[in-house]
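The structure appears right after this line, and notes come after that.
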Amino acid sequence: MKTIVVIPAFNEGNRIREVLFKTKDSADQIIVVDDGSSENKKVLSDDISEKIITLRHGINLGKGAALKTGCLAALRLGADIIIFMDADGQHKPEDIPRFIKEIEEENIDIVFGSRKIGHNMPFMMTFGNRFLSTIIKFLFGVNISDTQSGFRAFRANIFDKVSWNTHNYSVETEMIVNTGKNKLRYSEIYIDTIYHDKYKGTTIFDGLRIFFNLIIWKII
């Protein structure tokens, strides 16, 4: 099965080179979507591996938009499995074979990578994750311990069912909501995570936005 990794990147010019170098042997292809990075922090990947394709947004459109750009490109390239990873080095490429194995051997549609909640995770992130996990389970019947992890994999043929409309950090949550609405087969595997920057990623304001989005997604 052809596996393509999609990595959204915004001003990650320093860390992403190591991520790409470690990932290139674990996937058939890698699509990096540079989401409007500043000129001196653009992703330069052509010299790392011919497996890597770099797409660029002229302006910053948000993580959800970058992931959708990457997915549409992966579909055109004939992907069977699409894997999302973050560009900042917090995800271990060594875990990629575990995602693929889970999909193939357990006949799963989508696999979520779940961090150990509370283990070296910043407090606000821990609290927000537990709160959102409880709400999602109650509203949509999907029991995932880590709703905000960006490390996940799914069969390319379910893209239309799991696809999202949001352009920001709510993308992870909307994917889970659509998993529940479409009764997709899902599972989670535990992953190690390296926190390079405890203040980066989903903020309390993002969490509030996600909460209100959940209510709207339930109604519609």
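The sequence shown runs 14 to 233 under the working numbering. Note that the Cβ used here is the ideal one computed from N, Cα and C, for glycine as well. Remember, it's a predicted structure, so these values are computed and weren't measured experimentally.
Residue i and residue j closer than 9 Å at C-beta
i, j, result
"Ile29", "Ala86", "no"
"Ser127", "Ile232", "no"
"Gly49", "Gly83", "no"
"Lys35", "Trp177", "no"
"Asn170", "Ser158", "no"
"Ile123", "Leu197", "yes"
Residue burial classification, residue i (beta-carbon count within 10 angstroms, cutoff 16)
i, result
"Leu33", "buried"
"Phe151", "exposed"
"Ile207", "exposed"
"Phe225", "exposed"
"Leu221", "exposed"
"Asp173", "exposed"
DSSP beta-bridge partners of residue i
i, result
"Gln42", "Ile17"
"Ile123", "Phe167 and Tyr199"
"Phe97", "Val19 and Arg165"
"Ile65", "Ile43"
Rounded C-alpha distance that separates residue i from residue j
i, j, result
"Val184", "Phe167", "14 Å"
"Asp41", "Phe97", "14 Å"
"Phe144", "Ile43", "33 Å"
"Lys14", "Gly75", "Residue 14 is actually Met in this sequence, not Lys. One C-alpha to the other measures close to 29 Å."
"Phe23", "Ser200", "29 Å"
"Ser162", "Thr179", "16 Å"
"Gln103", "Ile229", "31 Å"
"Arg69", "Ser146", "33 Å"
"Thr192", "Arg111", "20 Å"
Cβ separation of residue i and residue j, assumed to be a contact under 8 Å, to the nearest whole Å
i, j, result
"Val45", "Ile17", "Not confirmed; about 11 Å, so no contact."
"Lys54", "Gly26", "4 Å"
"Glu115", "Ile121", "6 Å"
"Lys64", "Lys37", "5 Å"
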